[in-house]
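Heads up: the sequence shown at position 348 corresponds to 347 in numbering that gives the first Met the number 0, and the numbers run straight through without jumps. What follows is a single structure, written as C-alpha cells, with notes after it.
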Amino acid sequence: MDYTLIVKLTNACNMNCSYCYHRRDSNRNMCHSLSLSHLDLMIRNLLQHNEREAEFIWHGGEPLLTGVDTFAFIVERQKLYNTKNLQIRNSVQTNGTLLDNDYIRFFKEHDFSIGISIDGPFDMHTAERGTLPQEYQKILCAIDQLTEHNAKFGTLCVVGKQHVGNADRIFRMIQEHKIGNIGFLPCMVHTDGVVETDLTIAPEEYAQFLIDLFELWIHSNTRGLSIRNFDDCIRFYRGKEPKTCICSNVCDRYLTITPEGGIFLCDNFSSSKEHQVGVLEDGFDDIHKSTPMQWMLNAMHSIPQGCDGCPYVRACHGGCKYYRWLVNGDMSEHQYYCTALKSFYQHVGQYFSQEMKT
C-alpha cells in the first residue's frame, strides 16, 4: 500500500475558527510542532515503504507558521531519500494570510499544489473565523497573486448556516477573483460525538446550497471552473469513479501524522487515541495490521442497511466513514449528509436525463 500522509506540521494557528476541531480538543497542545528529526524520519520511512508514489499533504494548524526554511528542509530530504525514484507530490493547505511572495516563489519552483481556505465574501468568512478585514484582504491578495504567477492552487469553502441563501454572492466572488478550483465542505461541529446543531449546517440546508450554486454554475458562461462537488457528480453520471476522498472509499490510503509523531487514520480521526495506528519510530510497514486500520477496512467493505438499493451508492460507496461514525460510532447507519447527497444528485440527474433525450 502506497500511503498518502496528511502531515500536521504544527497545531499552532493564527486564526480562531469556531468550527476548528483542533481547538475543541482539550487534549491537544496548540503550541506543538513536528520536529525536524521527526520530519526526517517520516520522509525517509515513507519513501522506503512506498513503491510507486508518495504524496504529502502539509497541514496544521497553520503550516506556514513553520517558515519557508522548513519546506526547504522537506524538499531536500525528499530528494535525499528518494532512492526508488518515486513520483513525489506535495500540497499545502493554508488560511492564506501568510502566503507572501517568498512562499509563492518557493511553492511554484518546487511544484507544490496550494490550497487556500476561504469561506466566501468577508461577512460570511469572518462569521465563524473571526477574521479581521486586513487579514481577509491578505487572503484575497494571495489568491490574486497565485493567479498572476500561474501557480497551482485551489480553494476550500466550509459551508455554514450563513451561506444558506447566499450562493449567488459566493459565485460572484469566485468569478471576480478568477478562482478556477474550489470545493465545498459542510460545517460539521461536534463535541464528544454529539453534533452541535446550532453551528452545524443541516443536511437539507447543505443540499439546497449545492443546488442553488449548481444552478448558477450551469447557467453561467464561466469556463474552466472546477467545483469538486460537481465534478464528482458529473463523473457519476458518466460512469466514472469519484475523486474526492469522502466519496471514493480509499480511506486506508490516508494517514495523519501529528506533531507528537503519532500516526492516525485520516485527519478527522486524529484527535482520538483509539484511532492511532502507529508511531513514526516504528515506520509504516505494519500499519495495515493495526486494530484501527482493520476496523476502517471493515467499514470500507460494508455499507449501511438500505444503501445497496440506493441508485447513488456508487457515487459515495456508503458515504464518508467519519460522517458515518459520528451518527452512532459503529458506522452501521447512513452518513450524516446522506439525504443531502441524494437530493443534490437527483437534481443534477434531471439535466442528464434531458441531455440523453436531445
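A virtual CB, placed ideally from N, CA and C, is assigned to each residue, including glycine. Everything numeric in this text was worked out from a predicted model, so none of it was measured.
Look up residue i in the DSSP assignment and give the residues it is bridged to.
i	result
valine 275	The question names valine, yet the displayed sequence has glutamine at residue 275. Answer is Phe263.
glutamate 54	Thr3, Arg88
phenylalanine 183	Cys156
serine 32	Thr9
serine 225	Asn180
histidine 189	Val194
tyrosine 253	Thr3
isoleucine 138	Partner(s): none; isoleucine 138 has no beta bridge.
isoleucine 245	Paired residues: none, contrary to the question.
threonine 358	Outside the shown range of the chain (0 to 357) lies residue 358, about which nothing can therefore be said.
Give me the Cα-Cα distance between residue i and residue j, rounded to the nearest whole angstrom.
i	j	result
leucine 38	arginine 51	21 Å
proline 120	methionine 14	17 Å
serine 342	threonine 69	44 Å
glutamine 92	phenylalanine 235	27 Å
glutamate 273	proline 291	7 Å
threonine 255	serine 271	12 Å
asparagine 149	glycine 192	42 Å
leucine 279	glutamate 259	9 Å
arginine 76	glycine 179	32 Å
aspartate 231	serine 225	10 Å
serine 247	leucine 46	24 Å
lysine 107	glycine 308	46 Å
threonine 130	cysteine 12	12 Å
glutamine 174	leucine 139	13 Å
glycine 95	isoleucine 233	30 Å
valine 67	serine 352	50 Å
methionine 330	serine 36	37 Å
glutamate 147	serine 289	46 Å
phenylalanine 72	tyrosine 311	44 Å
arginine 168	serine 219	14 Å
glutamine 405	glycine 328	With the chain covering only 0 through 357, there is no way to say anything about residue 405.
glycine 223	lysine 78	34 Å
proline 132	asparagine 267	30 Å
glutamate 240	tyrosine 344	14 Å
threonine 190	lysine 83	43 Å
In chain order, what residues of the same chain have a beta carbon less than 6 Å from the beta carbon of residue i, not counting five sequence neighbours either side?
i	result
aspartate 118	His124, Cys156, Val157
glycine 277	Ile262, Ile286
histidine 109	Val74
leucine 98	Ala141
glycine 348	none
threonine 357	Because the pLDDT of threonine 357 is 49, which lies under 50, any placement of that residue in the model is unreliable, and the question is left without a value.
glutamine 334	Gly318, Cys319, Tyr322, Arg323
serine 112	Ser90, Lys151
valine 188	Tyr18, Glu195, Leu198, Thr199
Near residue i, what residues of its chain come up, given a Cβ to Cβ distance below 7 Å and the 5 sequence neighbours on each side ignored?
i	result
glutamate 332	Pro303, Arg323, Val326
lysine 160	Ile200, Glu204
cysteine 315	Cys246, Leu340
proline 185	Val158, Ile200, Tyr205, Tyr336
Just checking my contact of residue i with residue j at CB under 8 Å: how many whole Å lie between their CB atoms?
i	j	result
phenylalanine 213	histidine 346	7 Å
isoleucine 42	tyrosine 80	6 Å
glutamine 207	valine 163	7 Å
glycine 282	asparagine 44	4 Å
Could you check which residue in the options has the C-alpha nearest to that of residue i?
i	options	result
proline 202	Val278, Ala339, Pro132, Lys83	Ala339
glutamate 195	Tyr2, Tyr20, Val6	Tyr20
glutamate 134	Cys265, Lys151, Leu145, Ser116	Ser116
tyrosine 383	Asn81, Gln77, Lys239, Glu127	The structure shown has nothing for residue 383, since the chain only spans 0 to 357.
cysteine 306	Asn165, Gly153, Leu40, Gly318	Gly318
asparagine 100	Ala166, Ile56, Leu209, Leu145	Leu145
lysine 242	Asn228, Tyr253, Asp251	Asn228
glycine 238	Thr65, Arg313, Ser247	Arg313
glycine 182	Trp294, Gly153, Ala206, Leu296	Gly153
isoleucine 245	Thr257, Cys265, Ile233	Cys265
alanine 298	Val249, Ser269, Asn267	Val249
phenylalanine 58	Ala71, Thr190, Asn89, Asn44	With the sequence shown as reference, residue 58 is identified as histidine, and phenylalanine is not the correct amino acid for it. Nearest C-alpha to histidine 58: Asn89.
isoleucine 210	Met187, Thr221, Ala166, Arg171	Ala166
phenylalanine 55	Lys7, Arg104, Leu184, Cys315	Lys7
phenylalanine 170	Tyr253, Cys16, Phe72, Thr221	Thr221
leucine 215	Thr190, Met172, Tyr253	Met172
aspartate 143	His176, Phe105, Lys83	His176
leucine 4	Tyr253, Cys16, Tyr344, Asp284	Tyr253
Checking contacts by CB at 8 Å: is residue i closer than that to chain D?
i	result
valine 163	Protein chains in the displayed structure number just one, and chain D is not present.
Using C-beta distances below 8 Å, list every residue in its chain close to residue i, excluding the 5 sequence neighbours before and after it, in chain order.
i	result
glutamine 86	Arg51, Glu52, Ala53
tyrosine 350	Ile217
methionine 355	Reliability of the predicted coordinates at methionine 355 is poor, the pLDDT of 49 falling under 50, and the value obtained from them is presented with this limitation in mind. For methionine 355, where only same-chain residues beyond five positions count, there are no Cβ hits under 8 Å.
aspartate 251	Met0, His287, Met292, Met295, Leu296, Met299
threonine 9	His31, Ser32, Leu33, Gly59, Gly60, Glu61, Pro62, Leu64, Thr65, Pro258
glycine 377	Beyond the ends of the chain as shown, which are 0 and 357, falls residue 377; an answer cannot be given.
Closer than 7 Å to a non-hydrogen atom of the ligand HEM - does that hold for the CB of residue i?
i	result
leucine 155	For the ligand HEM, the structure offers nothing, since it holds no ligand at all.
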